[in-house]
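Numbering (the working numbering), first residue to last: 5 to 75. Heads up, the beta-carbon is just placed ideally off N, CA and C, and yes, glycines get one too.
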């Protein structure tokens, strides 16, 4: 359950932002959902999401991958 809350928080934050978001901002937003979230656990979530292609690094920040438009 916690993993889903954290990942949904990260995705929601990135969807709302017009620009790439820093690790710190993503962490602070996720911590609102899961008060007991440790920074090291958060980094594990980020790595897992990056490896799955759900988020992409943009410099030292994160963004959502570009969605190819269906024709």
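For residue 13, the number of other beta carbons within 10 angstroms of its own is at least 16, and it is reported as buried. Per the coordinates, the alpha-carbon of residue 15 lies some 19 Å from the alpha-carbon of residue 40. Under DSSP, the beta-bridge partners assigned to residue 25 are 66.
With respect to the C-alpha of residue 18, the residue from 5, 6, 7 and 34 having the closest C-alpha is 34. DSSP places residue 14 in the helix class (H, G or I) of the three-state scheme.
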